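Structure, as structure tokens:
Numbering (the numbering used here), first residue to last: 647 to 1608.
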């Protein structure tokens, strides 16, 4: 091939002085004039090649390239690296650079493993933002170019007016010519703007057929007027906008080809009179694959190729016997049926497009980083956007979604279908307590569901473009019976045509179409159900008379945390991934057995991972995202402070409210004049803490019989650990110790647990409810933060609760499911300064509520004005960085953060190795949970000394795309 290219370069230079001759024309004419008749005919053939077949196949293709000078290859099944190597191998043998084509209607993964898959066209038909579809075309083209591909045989422009169409279906953008055309135009523009040729197919229209042209010759019975108005409409519009090529289908259309059962692909009237002359199409014309029974049943290999060429086609796709076909062309040339002019017309057109594809400057495919280049995170980011815009709510009679009042809901999930639903269920559970009903007996299921306010039914079928997604009789019965009894949210992860088997929708309150059953759709649909996203999609096809094309209910987003690809919120996935190494290094160096980390930006969780194990013991459980940690002092801002702010909003407190007013027990004490502001900014001169537990130990430093029992009695009700119960009246002793404790000598910042211990007393007396009940009823139940709890063993299985320490100084046992903090333990596990357990995601919900100025899930918990007052550093000038209850960034070189956060940011850290931080300016929430205190809470805090939490936070800020 290089000799031909050198000759052509010389030819172009020699003719360069003739300004009227374009380099393209020179190249085309020079190549054409060097080709023999057989080589010219060879340019017409695009042969099927596979990268998953054996060497015998590769050599057969190589022979066709080298000896018969074929013009191109259409690649089918295989892998990208194998295909790239074969492409380079075949191109090296070709006299004229080869065209490479592929069916990549939903991306290269339609044919190749290890490549990216975009949604089916039917799914894209629900998307209203056409710029996203154009961007899809851009990305598809970039991937194709990286793999040396020049033609993507897409878009499919068939208008799927027959729901029973066995071969088009999901491959169509929908049932109306307008919707199909607008989306096909967007995809075409995206492909061709990036230098890959688009191919509209299957001309003149395969959308209203009931058989598959791969196996037989389908019939289309419409008259010419109908074809002009509907089926040909997309072609007319795409041609006007620069369409590069068209693929002609194997169809029987009597209204435009009167010969009985004569395929359109070899019809002169269809290809030349209609496509070329009537529609004035001047681009390349491909046959559909000539091995398909719709064509091959009509004529033998060789004969069918010749007939297709005589009909007006330029490229003969999937020719089955090139040597025989070339011989047929020679015979036809000899008897005058194939003329030089007709041959030149197609071959020069082919060469022109090769020039446009830059094949005059052919370069081999670079193999380095090929897999990575074909699977960048940008493709995942766009895919999320496509599904977020596609998911369609078609019924919402009772305004069930978004589910807003989670405190009033009891939700069950029932799975139908035979494919995976794990991600869907996991995401549902990330928003609320959702119980999966697993019984296989309908009567048992109905009994179980009686107490549930909502039942989410997920219909999950294998995500294949041609798979049967119809509901079975059993599934229809289940849907009907459950919907008769319960308020149902029916979620379909299949094509809309699956709904056709349901004849009565009256008892079904809510229906969502997710279109496909994959990880992204299973993540997006729960976000729509719970209001992290609003639904935007519109049906691309009708469901009989029940739901018409273009229908779709737009539901509201109500400010709940969603889940997203980092790039979609302006962050870099590759940089965020550096968190992994820091986490793993900390665990390897035994700074902590394990950890959970959550990062959210702009209301979207972009990083949620767990590392390590519950303990260092052999066989210890791996940490899961749903496990709960003792969050220690994060309790202050997750339980106590939000309730204090609500009291502030009610007018029951001001920043100047004094402790003697809040709690009469402090009247006459040295603390009676302490203000709320001074206490919450840790400058009320309170002692940092008192080791209350020491006074309850005997001479051997063991729990004293004066204070403890191994079994509960009326007088010993406070459980501080397994088989260890403290005197029921001890809380009075603890509060009295705080009341009578000495003040520090001067008013300055000194961190103390005391304010939050006494605030618990205030809140409980003010509201006549425990802090546990207040926090749950006022916040967690609404937020869907169901893992946040005091005394987790009252609510959770012990296997999801991570141990905190092995206590060898007070309780003398592993502390597992009980709060580490001794004072909190002596208050029955419920205190204002410590006691909460949680997973990282639920902490993030509370912090996101703060970021959203007190609003979350459609409810205003705290006024923006109050949050602003509490997130203010009133004494920074005095060297006190604290906000009102919140910790704030350091004023100097050392402090709780990486030093890279904004001054408006806020959060807290905890003794057990926890941290949470929110930054209004960057809209970031960061949660870090660990049990660095295991097994020895008194060991050096290496997690803190080596700045693990801060270093992770630094990575988060480095990941922000500026």
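Positions of the beta carbon are idealized from the N, C-alpha and C atoms, including for glycine.
Because the structure is a prediction, the values reported are computed rather than measured.
Ranking 1255, 1278, 1276 by CA distance to the CA of residue 1268 puts 1255 first. Checking the DSSP bridge columns, you'll see residue 962 partnered with 691. Taking residue 1513 as reference, the option from 1499, 1002, 985 with the minimal CA-CA separation is 1499. In the three-state scheme derived from DSSP, where H, G and I count as helix and E and B as strand, residue 1323 is classed as helix. Judged by their CB atoms, residue 1533 and residue 1553 are nearer to each other than the 8 Å cut-off. In the DSSP annotation of this structure, the continuous segment of the alpha helix (DSSP H) that includes residue 1228 starts and ends at 1224-1234. Under the three-state reduction of DSSP output, residue 1081 falls in the strand class. DSSP, read as helix, strand or coil, puts residue 1022 in coil. C-alpha of residue 807 to C-alpha of residue 673: approximately 45 Å in a straight line. Taking the C-beta atoms as reference points, residue 1183 is found nearer than 8 Å to residue 773. Here the C-alpha atom of residue 748 lies approximately 49 Å from the C-alpha atom of residue 1492. Along the region 1528-1602, the alpha helix (DSSP H) occurs as fully enclosed runs of 4 or more residues at 1588-1591, listed in sequence order. Per the DSSP secondary-structure output, residue 798 pairs in a beta bridge with 748, 844. At the C-beta level, residue 670 and residue 1008 stay beyond 8 Å of one another.
In terms of Cα proximity to residue 1398, the closest of 1068, 697, 1480 is 1480. Taken in chain order, the complete alpha helix (DSSP H) segments of 4 residues or longer contained in the region 1438-1502 are 1468-1471, 1486-1497. The DSSP-derived three-state label of residue 669 is helix.
For the pair residue 1011 and residue 1258, the CB atoms are not nearer than the 8 Å cut-off.
DSSP places residue 1507 outside both helix and strand once states are collapsed to three, so it counts as coil. Counting the other Cβ atoms within 10 Å of the Cβ of residue 1595 gives 16 or more, which makes it buried. Around the CB of residue 1320, 16 or more other CB atoms lie within 10 Å, so the residue is classed as buried. Sequence-distant partners of residue 1201 (beyond 5 residues in either direction) whose C-beta falls short of 8 Å from its own C-beta, in its chain, are 1039, 1042, 1047, 1048, 1174, 1177, 1180, 1181. Residues of the same chain with a CB within less than 8 Å of the CB of residue 825, apart from the 5 flanking positions on each side, are 771, 819, 1186, 1195, 1196 in chain order. The C-alpha of residue 1516 lies about 10 Å from the C-alpha of residue 1327. Collapsing the DSSP output to three states places residue 1113 in coil. Residue environment: residue 1334 is assigned as exposed (fewer than 16 neighbouring CB atoms within 10 Å of its CB, all protein chains considered). The secondary-structure analysis by DSSP pairs residue 1394 with nothing; it has no beta-bridge partner. Between the C-alpha atoms of residue 1101 and residue 1431 there is a straight-line separation of about 20 Å. Annotated three-state conformation of residue 880 is helix, per DSSP.
The Cβ-Cβ distance between residue 921 and residue 843 does not fall below 8 Å. Just so you know, the alpha carbons of residue 1089 and residue 1111 end up roughly 34 Å apart. Contact between residue 805 and residue 822 holds: CB atoms are separated by about 7 Å, below the 8 Å threshold.
Note: residue 1349 is bridge-paired with 1343 in the DSSP secondary-structure output. The distance from the Cβ of residue 797 to that of residue 891 is about 7 Å, consistent with a contact at the 8 Å cut-off. For secondary structure counted as the beta strand (DSSP E) over 3 or more consecutive residues, the region 729-783 holds these complete runs in sequence order: 745-748. In this structure, residue 882 and residue 925 form a Cβ contact; the two beta carbons are roughly 6 Å apart against a cut-off of 8 Å.
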